[in-house]
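Read through the structure below, which is laid out as structure tokens, and then see the notes.
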Amino acid sequence: MVWSRVVTDPGPRIDVIDTRAVRLTRGARSRRQRELVGRLLRCYPVSFLVLAPYALLIFPMAVFHDNPQTGFIALLVGLALLGSVSVETLGLLFGRPDPQWRQGMRQATARYPRIYPVARLVTLTSMAADLLGAYLGRGSIVAQISGELSDAPMVALTKLFSGWGALGFALLVASHLGGRLSRGKLYGWLTALVTTQAVVTMLTALTAPLIGFVFFAVAAGVVCGVFRLRYLLLGTVALVLLWPAIFEYRNEIRQDQGIEVSDAVTAADRIRLDRQLTLVAGIDVPVDLDEPDLVDHLRYGLVPRIVDPDRPALSTGKQINQFLGGGPTSASNFLLLGNIWFFDGPVGVVLVHAFWAGFVALLLRWRARPGPARLSLFCLVFSDVLLWSGTYPDSTIAFLQHVVSAMTVFFLLWLTRSIAPWSPRRPGRGVPPAGTHLPPGVHRAGGRPVALRVGGRLVVHRKGDAW
Numbered sequence: 074m075v076w077s078r079v080v081t082d083p084g085p086r087i088d089v090i091d092t093r094a095v096r097l098t099r100g101a102r103s104r105r106q107r108e109l110v111g112r113l114l115r116c117y118p119v120s121f122l123v124l125a126p127y128a129l130l131i132f133p134m135a136v137f138h139d140n141p142q143t144g145f146i147a148l149l150v151g152l153a154l155l156g157s158v159s160v161e162t163l164g165l166l167f168g169r170p171d172p173q174w175r176q177g178m179r180q181a182t183a184r185y186p187r188i189y190p191v192a193r194l195v196t197l198t199s200m201a202a203d204l205l206g207a208y209l210g211r212g213s214i215v216a217q218i219s220g221e222l223s224d225a226p227m228v229a230l231t232k233l234f235s236g237w238g239a240l241g242f243a244l245l246v247a248s249h250l251g252g253r254l255s256r257g258k259l260y261g262w263l264t265a266l267v268t269t270q271a272v273v274t275m276l277t278a279l280t281a282p283l284i285g286f287v288f289f290a291v292a293a294g295v296v297c298g299v300f301r302l303r304y305l306l307l308g309t310v311a312l313v314l315l316w317p318a319i320f321e322y323r324n325e326i327r328q329d330q331g332i333e334v335s336d337a338v339t340a341a342d343r344i345r346l347d348r349q350l351t352l353v354a355g356i357d358v359p360v361d362l363d364e365p366d367l368v369d370h371l372r373y374g375l376v377p378r379i380v381d382p383d384r385p386a387l388s389t390g391k392q393i394n395q396f397l398g399g400g401p402t403s404a405s406n407f408l409l410l411g412n413i414w415f416f417d418g419p420v421g422v423v424l425v426h427a428f429w430a431g432f433v434a435l436l437l438r439w440r441a442r443p444g445p446a447r448l449s450l451f452c453l454v455f456s457d458v459l460l461w462s463g464t465y466p467d468s469t470i471a472f473l474q475h476v477v478s479a480m481t482v483f484f485l486l487w488l489t490r491s492i493a494p495w496s497p498r499r500p501g502r503g504v505p506p507a508g509t510h511l512p513p514g515v516h517r518a519g520g521r522p523v524a525l526r527v528g529g530r531l532v533v534h535r536k537g538d539a540w
């Protein structure tokens with residue numbers, strides 16, 4: 074039998090799609106989209122922080138309930154964005170955030186090999202101080218009503234670590250972006266921080282610190298690239314759904330502590346943040362309530378109470394509550410934008426956000442990428458000064474207090490830093506590691522680079538010297 078070697082025509086070719094290639098293409102496209110969104114958020118971080126709570130919660134509430142002052146809310150947001158967007162756009166002319174964000178952060182934290190142990194120490198100290206302070210009555214609803222500050226030494230000691238929750242968050246994020254902390258462990262630590270705030274809420278019967286911390290962590294995490302933008306939307310939906318149960322549980326705690334709770338205020342009323350904001354709409358601004366001046370900012374912000382125990386308690390919220398006809402045992406505010414409008418008028422809303430937009434742009438863009446200290450300051454701005462629920466100007470004083478408290482951590486990071494890593498772009502800094510491709514002009518002896526020719530001179534490298 075003779076076999077024919079002629080191959081018959083199989084007919085028209087059918088293209089076979091490789092599903093793995095499709096998945097890779099979709100994954101690459103999704104990754105590029107996330108990088109583009111992250112780059113945009115890092116170009117306009119303050120504008121994002123201003124707009125996010127209003128776009129997700131406050132504006133929808135105002136529109137759904139047909140708030141007649143919705144236009145006033147839009148005016149406040151527009152003024153704040155006018156200040157932040159203009160400065161952030163102008164800042165793009167002088168430099169942009171590093172497009173290779175993760176790689177840049179890895180290089181920025183390379184000099185801090187002990188950053189994760191420091192972050193772990195700060196986080197654990199923060200959780201212990203918050204739990205102990207809440208157990209001893211610091212920041213509780215009872216202390217707010219009585220207006221008395223506990224003079225116990227342990228309470229004063231816990232105040233020294235105020236703000237370390239945001240500081241620990243920043244250092245954990247820096248450790249993750251620097252490649253020293255896995256994503257799973259990062260989420261574990263962040264869960265522990267949020268759980269701590271939940272326990273503090275049960276001890277103090279105040280929910281605002283918990284909600285504020287969660288919003289800060291998600292918003293700052295989105296800007297830093299450790300969370301996706303959809304997490305902020307999911308968190309807002311979860312808050313709206315869980316709020317009635319949280320509100321009822323909070324009221325039960327207050328009643329157990331002997332505090333009268335009004336039945337006229339429901340959970341739906343309390344979440345109407347649009348009405349809280351528009352209370353300031355019919356007031357002639359600016360209003361002078363003898364709010365903290367520059368001297369008070371320096372005294373309360375830079376001097377710990379343990380050094381100045383005789384100074385009176387500072388609560389602008391109580392002054393606002395009395396201005397509205399309430400008593401001195403409760404506090405009120407118009408949210409951050411409303412408070413700035415109340416005390417400084419429309420010009421103040423623009424200037425305050427313009428200033429902090431410039432400050433944040435400097436933190437994120439100076440020398441292309443922020444190190445641990447600058448990232449910590451960025452998180453403190455987000456958690457204190459620009460948090461949508463903050464009481465201005467007390468929030469600015471809290472920022473100064475937290476910066477002073479963070480100096481100990483910054484000094485510890487400075488002590489544990491290593492010699493600057495060598496870079497071929499900066500051959501005068503650091504020691505080139507073995508196997509590094511050296512630029513022209515570097516001489517070797519016995520396999521080690523020992524000298525660099527600079528301007529015709531041969532600069533000799535000795536053991537322990539930095540290039």
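Quick note: the sequence shown uses the numbering used here, first residue 74, plus one each step.
We put the CB at the ideal spot given by N, CA and C, even for glycine.
Measuring CB to CB, does residue 302 end up less than 8 Å from residue 295? Taking the first residue of the sequence shown as 1, we reach residue 302 at position 229. Taking the first residue of the sequence shown as 1, we reach residue 295 at position 222. The answer is yes: Cβ separation under 8 Å.
What residue ranges within the stretch 246-274 form continuous beta strand (DSSP E) runs of no fewer than 3 residues, ordered along the chain? none
Do residue 211 and residue 228 count as a contact pair if the criterion is CB distance below 8 Å? Indexing the sequence shown from 1 puts residue 228 at position 155. Indexing the sequence shown from 1 puts residue 211 at position 138. Against a cut-off of 8 Å, the Cβ pair of residue 211 and residue 228 comes out as a contact.
Kindly indicate which three-state DSSP category residue 442 falls into: helix, strand or coil? Residue mapping note: residue 442 aligns to position 369 of the sequence shown, counting from 1. It is coil, neither helix nor strand.
For residue 330, report the span of its alpha helix (DSSP H) as first-last. Reading the sequence shown from its first residue, position 257 is the one you call residue 330. Unbroken run through residue 330: none, as it is neither H nor E.
6 Å Cβ shell around residue 187 - same chain, five flanking residues per side excluded: Stepping through the sequence shown from its first residue, residue 187 is reached at position 114. Only 489 meet the Cβ criterion.
One question on the structure: do residue 119 and residue 430 come within less than 8 Å of each other, judged by their Cβ atoms? As a first step, residue 119 is located in the sequence shown; it is residue number 46 there, counting from the start. As a first step, residue 430 is located in the sequence shown; it is residue number 357 there, counting from the start. Their beta carbons are under 8 Å apart, which means residue 119 touches residue 430 by this criterion.
With residue 154 as the anchor, note down where its alpha helix (DSSP H) starts and where it stops. In the sequence shown, counting from the first residue as 1, residue 154 sits at position 81. Note, residue 154: alpha helix (DSSP H), 143-164.
The ligand SAH and residue 185: does any heavy atom of the ligand fall closer than 7 Å to the residue's C-beta? Within the structure as shown, the ligand SAH is missing, as the structure has no ligands at all.
How is the alpha helix (DSSP H) around residue 172 delimited, first residue to last? For this step, residue 172 is matched to residue 99 along the sequence shown. That residue, residue 172, is in no alpha helix (DSSP H); it is neither H nor E in DSSP.
Do residue 198 and residue 237 have their C-beta atoms within less than 8 Å of each other? Walking along the sequence shown from the start, residue 198 turns up at place 125. Walking along the sequence shown from the start, residue 237 turns up at place 164. Yes, the pair counts as a contact, with Cβ atoms nearer than the cut-off.
Validate contact between the stretch 320-337 and the stretch 150-159 using beta carbons, cut 8 Å, 3 pairs: no
Just to confirm, are residue 460 and residue 410 a CB contact at a threshold of 8 Å? Residue 460 sits at position 387 when you count from the first residue of the sequence shown. Residue 410 sits at position 337 when you count from the first residue of the sequence shown. It is not a contact, given that the beta carbons lie outside the stated cut-off.
Is residue 467 buried or exposed, if buried means 16 or more other CB atoms sit within 10 Å of its CB? Sequence index remark: in the sequence shown, residue 467 carries index 394 (1-based). Flag for residue 467 reads buried.
I'd like to know if the stretch 341-357 and the stretch 125-136 are in contact, where contact means that at least 3 CB-CB pairs between them fall below 8 Å. yes
Please confirm whether residue 129 has its beta-carbon closer than 8 Å to some beta-carbon of chain D. Of the protein chains in the structure, only one exists, and it is not chain D.
Whether residue 406 touches residue 464 by CB criterion (8 Å): Start at 1 with the first residue of the sequence shown, and residue 406 comes out as number 333. Start at 1 with the first residue of the sequence shown, and residue 464 comes out as number 391. Yes, they are a contact pair.
Going by beta carbon distance, what residues of the same chain come within less than 7 Å of residue 170, once the five residues before and after it are set aside? Counting from 1 along the sequence shown, the entry for residue 170 is found at position 97. Closer than 7 Å at Cβ, skipping near neighbours: 112, 115, 116, 437 and 438.
Kindly indicate which three-state DSSP category residue 321 falls into: helix, strand or coil? Walking along the sequence shown from the start, residue 321 turns up at place 248. Helix at residue 321.
On the three-pair Cβ rule with 8 Å, is the stretch 175-193 touching the stretch 443-450? yes
Are the beta-carbon atoms belonging to residue 176 and residue 351 less than 8 Å from one another? Locating residue 176 in the sequence shown gives position 103, where the first residue counts as 1. Locating residue 351 in the sequence shown gives position 278, where the first residue counts as 1. Not a contact, by the Cβ cut-off of 8 Å.
Inspect the CB distances between the stretch 281-299 and the stretch 240-247 and report whether three or more fall short of 8 Å. yes
Can you tell me whether residue 140 is helix, strand or coil according to DSSP? Within the sequence shown, residue 140 is the residue found at index 67, counting from 1. Correct three-state label for residue 140: coil.
Contiguous alpha helix (DSSP H) assignments of at least 4 residues, all confined to the stretch 374-424: 389-396
Inter-residue Cα distance where the pair is residue 121 and residue 314: Sequence index remark: in the sequence shown, residue 121 carries index 48 (1-based). Sequence index remark: in the sequence shown, residue 314 carries index 241 (1-based). Rounded to the nearest angstrom, the two C-alpha atoms are 24 Å apart.
Cβ pair residue 412, residue 403 closer than 8 Å: By 1-based counting over the sequence shown, the position of residue 412 is 339. By 1-based counting over the sequence shown, the position of residue 403 is 330. Their beta carbons are not under 8 Å apart, which means residue 412 does not touch residue 403 by this criterion.
Please list, in chain order, all residues of the same chain as residue 253 whose beta carbon is under 6 Å from its beta carbon, the five residues on each side excluded. Position 180 of the sequence shown holds residue 253. Excluding residues within five positions, the ones whose Cβ falls inside 6 Å are 189.
Counting C-beta neighbours from all protein chains within 10 Å, is the total for residue 362 16 or more, i.e. buried, or is it exposed? The residue given as residue 362 occupies position 289 in the sequence shown. Residue 362 is exposed by the Cβ-count criterion.
Quick one: grab the DSSP three-state call for residue 553. Summary: the structure shown does not reach residue 553, with the chain confined to residues 74 through 540, and so no result is reported for it.
Between which two residues does the alpha helix (DSSP H) holding residue 208 run? The residue you call residue 208 lines up with position 135 of the sequence shown. From DSSP, the alpha helix (DSSP H) with residue 208 extends over 188-208.
Label residue 325 either buried or exposed according to how many other C-beta atoms from any shown protein chain fall within 10 Å of its C-beta, with 16 as the threshold for buried. By one-based count along the sequence shown, residue 325 stands at place 252. Its Cβ having fewer than 16 others within 10 Å, residue 325 is exposed.
Measuring alpha carbon to alpha carbon, tell me which of 247, 308, 231 and 249 ends up nearest residue 267. Walking along the sequence shown from the start, residue 267 turns up at place 194. Considering only alpha carbons, the answer is 308.
What are the boundary residues of the alpha helix (DSSP H) that residue 464 is part of? Sequence index remark: in the sequence shown, residue 464 carries index 391 (1-based). Run containing residue 464: none; DSSP gives neither H nor E here.
Pull up the distance between the alpha-carbon of residue 208 and that of residue 417, whole angstroms please. One-based indexing of the sequence shown puts residue 208 at position 135. One-based indexing of the sequence shown puts residue 417 at position 344. Going from the Cα of residue 208 to the Cα of residue 417 covers about 37 Å.
Identity of the residue in 364, 451, 230 and 449 nearest residue 386 by Cα: To locate residue 386, count along the sequence shown from 1; it is residue 313. Comparing Cα-Cα distances from residue 386 to each of 364, 451, 230 and 449, the minimum goes to 364.
Please name the residue, chosen from 374, 304 and 434, that lies closest to residue 475 on a Cα-to-Cα basis. Mapped onto the sequence shown, residue 475 falls at position 402. The candidate whose alpha carbon is nearest that of residue 475 is 374.
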